[in-house]
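Numbering (the UniProt record's numbering) for the sequence shown: 1 to 186. Where is the CB? At the ideal position from N, CA and C, for every residue including glycine. Given the structure is predicted, the values throughout are model-derived calculations rather than measurements.
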Amino acid sequence: MPKTIQKCLEETLEDLTEDELRKFKTNLHEFPVKPGYDNIPRGRLQKADAQDLSELLLDSYSQDYAVEVTAAVLRRCHCNPQAEKLVAASGIGNQPSSSSHRHFIDQFREQLIQRTATVEQVLDKLLQKSIINEGQYQEICSKETNQAKMRELYKLVPSWNDHCKDQMKNALKDVNPYLVKDLEGK
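Quick look at the structure:
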């Protein structure tokens with residue numbers, strides 16, 4: 001009999017060390033969720049064990065989105081094996097890695113890092129759309145070169161869904177339409 005989504009989430013979270021679980025909770029609270037969803041309050045997360053967390057995730061998000069969020073936050077915490085195990089066990093969310101379609105932001109990572117000259121303007125748009133928070137904005141802006149800023153921004157991308165990546169592409173298109181047009185032509 002196949003496992004329930006709650007059981008998949010619970011077993012995945014039970015596989016984390018105490019430190020990894022603490023990082024997971026912190027990142028889960030800060031994760032940029034899709035419009036129409038809210039982050040789980042920090043107070044409820046701090047006291048939660050693996051079973052409580054799986055229930056909170058399912059109460060806060062749909063089953064599919066709970067798995068998507070959990071896998072993205074695990075990747076953000078560098079718990080990639082647990083993220084992949086969750087995706088495989090649940091059967092949800094494994095289309096991006098197996099699909100030949102890659103999002104523009106992923107496909108042109110290196111070119112965007114090298115060629116984006118107006119990173120702060122892109123960051124302003126992402127902050128305005130709540131794709132990044134003020135702390136992330138400040139951390140990225142503290143880097144010396146545009147390439148370093150873009151690399152720092154790209155550290156967030158693995159935890160983003162397509163909506164967030166679309167917002168980044170739109171920001172890039174608004175700020176530097178010729179760069180995006182050039183890359184889309186490739």
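*How many angstroms separate the CA atom of Leu156 from the CA atom of Arg76?*
As a position in the sequence shown, residue 156 is number 156, starting the count at 1. As a position in the sequence shown, residue 76 is number 76, starting the count at 1. Their backbone Cα atoms lie some 7 Å apart in a straight line.
_Straight-line Cα distance separating Asn80 from Leu16_ = If you number the sequence shown from 1, residue 16 lands on position 16. If you number the sequence shown from 1, residue 80 lands on position 80. Approximately 11 Å between the Cα atoms of the pair.
_Quick test of the definition: if touching needs 3 or more C-beta pairs under 8 Å, does the stretch 122-134 touch the stretch 156-174?_
yes
_Buried versus exposed, by CB contacts within 10 Å (16 or more), Lys3_ = Position 3 of the sequence shown, counted from the first residue, corresponds to residue 3. The residue in question, Lys3, is exposed, as its Cβ has fewer than 16 Cβ neighbours within 10 Å.
_Between the alpha carbons of Ile132 and Lys143, how many angstroms are there, rounded?_
Position 132 of the sequence shown, counted from the first residue, corresponds to residue 132. Position 143 of the sequence shown, counted from the first residue, corresponds to residue 143. Cα to Cα, Ile132 sits roughly 16 Å from Lys143.
*What is the residue span of the alpha helix (DSSP H) that Leu56 lies within?*
As a working mapping, residue 56 is identified with position 56 in the sequence shown. First-last of the alpha helix (DSSP H) with Leu56: 50-60.
*asked:* Buried or exposed, going by whether 16 or more other CB atoms sit within 10 Å of the CB of Glu134?
replied: For this step, residue 134 is matched to residue 134 along the sequence shown. Its Cβ having fewer than 16 others within 10 Å, Glu134 is exposed.
*Can you list, in chain order, the stretches of the beta strand (DSSP E) that have 3 or more residues and sit fully within the stretch 62-94?*
none
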